[in-house]
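Chemist: This is the structure I have questions about; it appears just below.
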Amino acid sequence: MNHYLSAGEKKSWKLIQDKIKEKVTPQQFTTWFSGLNLITLDTNIIYIHTPNSFCREWIENNYMDIITSSLEEASISNRKVLFFDNDKDTSKTESCDQSSSTASPSTENHVHINKNYNFDNFLVGPCNRLAHAAALAVSESPGTAYNPLFIHGPVGLGKTHLLHAIFLHLQKKKHKTLYLPCESFVNHYISTIKTGDWDSFRNKYRNIDVLLIDDVHFLANSQSTREEFFHTFNALYTRQKQIVLSSDCPPEEIPTIEERLISRFRWGLITQVDLPGFETNVAIIQKKTALMNMEISYDVACYLADNVVSSIREIEGILTNIQRYATMNKSKIDLNLVKQIINGFSKQKRDIGIEKILNTVTKHYGVQLSQLHSKRKFKSITLPRQIAMHLARKFTNLSLGEIGGYMGGRDHTTVMHADDKIKKLKSLDRNISSALRKLENTLIKQQ
Ligand code: ADP
Ligand code: MG
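One point on numbering: in the numbering used here, the residue at position 84 of the sequence shown is 84, and numbering is uninterrupted.
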């Protein structure tokens with residue numbers, strides 16, 4: 001791609017790359033940066049092409065500081081950096097917008113179904129067994145098994161995969177099925193306010209057998225859309241039409257949501273997808289590598305399962321990048337190579353920064369940093385203090401002693417005790433597990 005660049009752009013790009021090289025390890029450079037291509041270097045914007053969406057997101061989430069400082073050092077500052085990729089592989093996807101012939105142009109969000117997201121490719125483990133069984137049941141007898149089916153859990157754990165699998169299954173059986181991300185529903189609603197074409201809006205969502213709406217927490221953003229969604233829900237439900245919803249949190253935690261919607265979501269089955277445990281992780285890695293024609297030993301699969309733990313999406317991304325690295329360097333994928341690559345990643349990834357953690361926790365609990373530092377033992381302060389220590393263990397590379405230092409000079413056993421205590425409480429106390437989920441989501445988004 002580089003041959004379309006002017007000589008000046010080529011020179012600048014080389015300089016930027018050299019500056020990045022100074023700041024990362026050779027493995028990190030080869031894995032994340034060598035596949036980048038400068039597309040244009042405008043006076044306001046820099047467009048950079050990334051080999052895949054995972055790489056793009058990884059760079060956006062982990063390396064923006066490095067990119068910005070490298071640009072500054074190459075005397076290219078004050079410009080917006082935009083990354084893009086071509087991951088929307090249409091050969092693997094199919095449009096499911098049945099009403100596309102009637103939809104107005106602004107509502108034609110191309111919704112694609114990934115044919116690989118089928119039940120055969122979904123690996124079942126204790127973390128997702130119930131969600132998977134419920135999805136299968138709904139596919140077998142829509143409208144009668146569980147209605148609605150509400151699947152929630154953190155990102156990258158297979159919710160969209162299950163919704164697409166239900167769609168693919170029902171489509172084969174000729175049920176009139178509509179899948180769409182909630183954002184498309186919201187956009188369609190907003191554009192219909194402008195056009196006033198409520199007939200085709202209602203026809204689209206009510207004149208079907210099955211409605212699958214992904215990421216329904218998006219409804220938090222618009223009260224009037226929730227109102228419309230409520231009527232859509234009722235119209236379908238009373239005619240025994242199946243509704244399947246996914247969300248990144250349980251219904252009651254969707255911000256600003258009304259009780260009447262929560263109670264409707266509870267009419268059916270609410271089920272969660274969780275982080276896979278070690279064995280499921282190994283099985284998923286083996287399944288994915290087989291699909292990718294990638295040979296890895298059992299030891300390597302175990303090492304990855306133990307070290308890549310934040311989501312299945314992350315597993316896929318790391319496998320793709322390991323494969324790329326091995327192909328480019330013609331090297332065998334052995335434990336040594338994977339260790340080198342992974343160590344670089346996880347260090348980058350986990351260090352969210354103690355300041356952000358303290359900031360987020362104090363804000364969430366409405367306490368002052370000085371109170372966390374103090375020796376006071378009121379529950380309203382000890383809980384946020386212990387939660388901050390637990391999150392610091394989870395999301396930073398600081399030692400126990402260093403964390404204690406940030407917590408008003410506490411010693412390492414106090415930090416260890418706090419971490420253990422919160423881990424235990426997490427499985428016993430719903431309020432704590434929900435607070436942790438919120439805090440972790442906020443921290444991950446800030447990364
Ligand atoms: P979510 O919608 O929960 O954010 P996705 O459904 O997009 O997550 O899943 C992220 C990636 O992980 C997808 O490529 C999906 O195929 C894969 N994945 C998730 N769960 C599983 C599973 N149990 N078995 C196989 N692949 C999975
Ligand atoms: Mg999803």
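Cβ atoms here follow ideal geometry from the backbone N, Cα and C, with glycine treated the same way.
How would you label residue 141, buried or exposed, when you count the other beta carbons within 10 angstroms and need 16 or more for buried?
Modeler: The residue is exposed, with fewer than 16 neighbouring Cβ atoms inside 10 Å.
Chemist: Please determine if the region 255-273 and the region 144-164 are in contact, where contact requires at least 3 C-beta pairs separated by less than 8 angstroms.
Modeler: Short answer: they touch.
Chemist: How big is the Cα-Cα spacing for residue 136 and residue 166?
Modeler: Those two C-alpha atoms are separated by around 7 angstroms.
Chemist: Which residues have their C-beta within less than 7 angstroms of a heavy atom of the ligand MG, listed in chain order?
Modeler: Those residues are 155, 159, 160, 214, 215 and 246, given in chain order.
Chemist: For residue 249 and residue 16, what's the separation of their Cα atoms in angstroms?
Modeler: Approximately 40 angstroms between the Cα atoms of the pair.
Chemist: Counting only runs of 4+ residues fully inside the region 362-437, write out the alpha helix (DSSP H) ranges in chain order.
Modeler: Qualifying alpha helix (DSSP H) stretches, in chain order: 369-373, 379-395, 400-406 and 412-428.
Chemist: On the three-state DSSP scale, how would you describe residue 136?
Modeler: It is helical.
Chemist: Are the CB atoms of residue 246 and residue 163 within a distance shorter than 8 angstroms?
Modeler: It is a contact, given that the beta carbons lie within the stated cut-off.
Chemist: Please specify which runs of the beta strand (DSSP E), each continuous and at least 3 residues long, are wholly inside the region 112-189, giving them in chain order.
Modeler: Within the region 112-189, the complete beta strand (DSSP E) runs of at least 3 residues are 112-114, 149-152 and 177-181.
Chemist: How many Å lie between residue 390 and residue 255 at the Cα?
Modeler: About 25 angstroms.
Chemist: Hey, which unbroken runs of the alpha helix (DSSP H) at 4 residues or more fall wholly within the region 305-343?
Modeler: DSSP runs (the alpha helix (DSSP H)) wholly in the region 305-343: 312-328.
Chemist: With three or more beta-carbon pairs closer than 8 angstroms as the criterion, would you say the region 172-186 touches the region 200-208?
Modeler: In short, these stretches touch, since the Cβ pair count reaches three.
Chemist: Hey, out of 161, 139, 192 and 182, whose CA is closest to residue 172's CA?
Modeler: Here the closest residue by C-alpha is 139.
Chemist: What does DSSP give as the partner residues of residue 231 in its beta bridges?
Modeler: For residue 231, which the question treats as bridged, DSSP gives no partner whatsoever.
Chemist: With a threshold of 6 angstroms on Cβ separation, who are the neighbours of residue 106 within its own chain once the five nearest residues in sequence on each side are excluded?
Modeler: Note that residue 106 scores a pLDDT of 33, beneath 50, so its modelled location is shaky; the value from the coordinates is reported in the next line. Excluding positions up to five away in sequence, the list reads 191.
Chemist: Going by beta carbon distance, what residues of the same chain come within less than 7 angstroms of residue 75, once the five residues before and after it are set aside?
Modeler: None.
Chemist: So, with DSSP's three-state summary, where would you put residue 240?
Modeler: Coil at residue 240, not helix or strand.
Chemist: Identify which residue in 34, 38 and 21 has its Cα closest to the Cα of residue 11.
Modeler: Answer by Cα proximity: 38.
Chemist: Mind checking whether residue 262 and residue 251 have CB atoms under 8 angstroms apart?
Modeler: Yes, they are a contact pair.
Chemist: Spatial neighbours of residue 351 within its chain, please: C-beta separation below 6 angstroms, excluding the five flanking residues on both sides.
Modeler: Within the same chain, residue 351 has close Cβ partners 396 and 397.
Chemist: How many angstroms separate the CA atom of residue 91 from the CA atom of residue 199?
Modeler: Confidence at residue 91 is low in this model, with a pLDDT of 34, below 50, so its placement is unreliable and no value can be given for it.
Chemist: Starting from the C-beta of residue 337, find all residues in its chain whose C-beta is less than 8 angstroms away, skip the five residues before and the five after it, and write them out in chain order.
Modeler: Contacts found: 322, 325, 326 and 331.
Chemist: State yes or no: is the C-beta of residue 305 within less than 8 angstroms of the C-beta of residue 257?
Modeler: Taking 8 angstroms as the Cβ cut-off, residue 305 and residue 257 do not qualify as a contacting pair.
Chemist: Helix, strand or coil for residue 246? Go by DSSP, reduced to three states.
Modeler: In this structure, residue 246 counts as strand in the three-state DSSP scheme.
Chemist: From residue 43 to residue 79, what does the alpha carbon distance come to, in whole angstroms?
Modeler: The straight-line gap from Cα to Cα measures roughly 7 angstroms.
Chemist: When you compare each of 121, 363, 274 and 224 to residue 185 by their alpha carbons, which one comes out closest?
Modeler: For the residues 121, 363, 274 and 224, the minimum Cα distance to residue 185 belongs to 224.
Chemist: When burial is assigned at 16 or more other CB atoms within 10 Å of the CB, is residue 347 buried or exposed?
Modeler: Per-residue confidence for residue 347 stands at a pLDDT of 43, beneath the threshold of 50, marking its modelled position as unreliable; no derived number is given.
Chemist: At a threshold of 7 angstroms, does residue 284 count as lining the ligand ADP (C-beta to nearest heavy atom)?
Modeler: Because some heavy atom of the ligand ADP lies under 7 angstroms away, the Cβ of residue 284 counts as near it: yes.
Chemist: List the DSSP bridge partners of residue 20.
Modeler: Answer is none; residue 20 lacks a bridge partner.
Chemist: Can you give the Cα-Cα distance for residue 371 and residue 144, rounded to whole angstroms?
Modeler: If you take the alpha carbons of residue 371 and residue 144, they lie about 53 angstroms apart.
Chemist: In three-state terms, what does DSSP make of residue 291?
Modeler: Helix, per DSSP.
Chemist: Closer than 7 angstroms by C-beta to residue 217: which residues in its own chain qualify, once you throw out the five before and the five after it? Chain order, please.
Modeler: Counting only Cβ-Cβ distances below 7 angstroms, and skipping sequence neighbours, we find 247, 248, 249 and 254.
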